[in-house]
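A quick write-up on the structure given underneath.
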Amino acid sequence: MIRSMTAFGAARADTDHGSVSIELRSVNSRFLDLHFRMPDELRALESPLRELLTKSVARGKIEVRASIQRRLITDPDSINVAALEQAATLFRKVQAVLPDVQPPRLSELLSWPGVQAAEESEDTWREAALRAAGEALTQMQEARDREGERLAAMIADRADSVAAIVGEVEQRMPQLVHEYRERLARKLRDTVEAAFPGGFQNIRGEELSERLAHEATLFGLRIDVAEELSRLHSHLAELKQLIGMGGAGKKADKGSAGKRLDFLFQEMNREANTLGSKAGGLEVTRAAMDLKLLIEQMREQAQNIE
5 MIRSMTAFGA ARADTDHGSV SIELRSVNSR FLDLHFRMPD ELRALESPLR
55 ELLTKSVARG KIEVRASIQR RLITDPDSIN VAALEQAATL FRKVQAVLPD
105 VQPPRLSELL SWPGVQAAEE SEDTWREAAL RAAGEALTQM QEARDREGER
155 LAAMIADRAD SVAAIVGEVE QRMPQLVHEY RERLARKLRD TVEAAFPGGF
205 QNIRGEELSE RLAHEATLFG LRIDVAEELS RLHSHLAELK QLIGMGGAGK
255 KADKGSAGKR LDFLFQEMNR EANTLGSKAG GLEVTRAAMD LKLLIEQMRE
305 QAQNIE
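Here the working numbering runs 4 ahead of the position in the sequence shown, where the first position is 1.
So this is what it looks like as structure tokens:
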């Protein structure tokens, strides 16, 4: 099963000191690109969080947002007056430069580091933050899996349309050669009659048949797309393996599915271009254009696959 790179996950973990909230936002990227937005109290957790994400995610630009909500206390005796005085001193200095600045609210003061009597250390929020990050990661991965299923279904539907067009072209090719041979015979007959009225009767049937066979063979070689159609069949089989809809057999690595699909669609587009350049009729030209459109639609969706 393939996995999308676009998803969101969020979780909160509670402690005696308050709660930690973690949000993970993932979007498309060629590589794994991690960005952290967190308060100073959680800055030491960047390394373990990076390790956690690196083990689970192969590609995508992921923004990690962390925040702390300290538990507000109502016991006046548990308030650190010295910390409040420090906050007041800072406010007066700011107000001396910016007279219109508004004083902080009570909830903001109580959330000021050190105001509450409970002491905090580097490990105060660590366990809760990692627990919340694990839950948020699970949510994000589940969302990426669900979106991946939808992408796989869409790509599989387009792949079926490609297979149908390839099958139609394969069935049509013998008829194209036959129609060309008939047109060539009519053109040759009309040309000879126009140049030498009645002269057509002087040409032996064997000579005419040999000439027609030769021209038809040259035309058949020029428009022979059997190799291109065969490679398209092979690419379609590989495509279904990559998106996990190929039945029994090996499964593609999740981390490489997006890049492999991108390369596969480049190859399929090359075969469609060659098919169009060799087209011996309007129907084949239209088929090649339809193939290119379907392949481009699949390629665009593949840009979102991990």
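The C-beta atom is built at its ideal place from N, Cα and C for all residues, glycine as well.
Note that the structure is a prediction, hence the values are computed from the model and not measured.
Measuring straight from C-alpha to C-alpha, what distance separates residue i and residue j?
i	j	result
Val173	Arg148	37 Å
Ala15	Lys59	19 Å
Phe95	Glu45	22 Å
Val61	Gly262	13 Å
Ser234	Lys296	16 Å
Glu232	Thr278	7 Å
Ala133	Pro43	12 Å
Arg34	Arg63	7 Å
Val170	Met177	11 Å
Ser30	Ala157	21 Å
Asp56	Phe12	In the sequence on display, residue 56 carries Leu and not Asp. Rounded to the nearest angstrom, the two C-alpha atoms are 16 Å apart.
Glu139	Ile66	15 Å
Met9	Leu114	40 Å
Val166	Glu151	23 Å
Trp129	Trp116	16 Å
Glu310	Asn32	8 Å
Phe267	Glu287	28 Å
Ala91	Met5	54 Å
Arg190	Glu153	55 Å
Leu88	Leu110	11 Å
Arg7	Thr93	53 Å
Ile83	Ser25	25 Å
Ala230	Glu275	11 Å
Classify residue i as helix, strand or coil using the three-state DSSP reduction.
i	result
Ile83	strand
Ile4	This structure cannot settle anything about residue 4, because the visible part of the chain is limited to 5 through 310.
Leu225	Because Leu225 carries a pLDDT of 49, less than 50, the predicted location of this residue cannot be relied on, and the following value inherits that uncertainty. Helix at Leu225.
Gln90	helix
Looking at C-alpha atoms only, which residue of the options is the closest neighbour of residue i?
i	options	result
Arg162	Asp294, Arg7, Leu88 and Val229	Asp294
Leu155	Leu246, Ala91 and Ser51	Leu246
Arg187	Gln106, Gly285, Val166 and Glu146	Gly285
Ser23	Met5, Pro52, Arg74 and Leu36	Arg74
Asp127	Arg190, Glu112, Leu49 and Arg54	Leu49
Glu27	Leu141, Ile6 and Asn84	Leu141
Asp164	Asn84, Val101 and Leu236	Leu236
Met272	Leu298, Val101, His21 and Ser281	Leu298
Ser71	Gln175, Leu243, Ser238 and Asp18	Asp18
Report yes if the C-beta of residue i is less than 8 Å from at least one heavy atom of the ligand MG; otherwise report no.
i	result
Asp37	No copy of the ligand MG appears in this structure; indeed no ligand is present at all.
Following the continuous alpha helix (DSSP H) through residue i, name the residue where it begins and the one where it ends.
i	result
Gln270	Lys258 to Ser281
Asp294	Leu286 to Ala306
Glu112	Leu110 to Leu114
Check the Cβ-Cβ distances between residue i and every residue of chain C, and say whether any is below 9 Å.
i	result
Asp20	The displayed structure is made up of one protein chain only, and chain C is not part of it.
Runs of beta strand (DSSP E) lying entirely within the segment 5 to 76, each at least 3 residues, in chain order | The DSSP assignment places complete beta strand (DSSP E) segments of no fewer than 3 residues inside the segment 5 to 76 at 11 to 18, 22 to 31, 36 to 41 and 64 to 74, in order along the chain.
Could you pull out every unbroken alpha helix (DSSP H) segment of at least 4 residues lying fully inside the segment 134 to 192, listed in chain order?
-> Segments of the alpha helix (DSSP H) lying fully in the segment 134 to 192: there are none.
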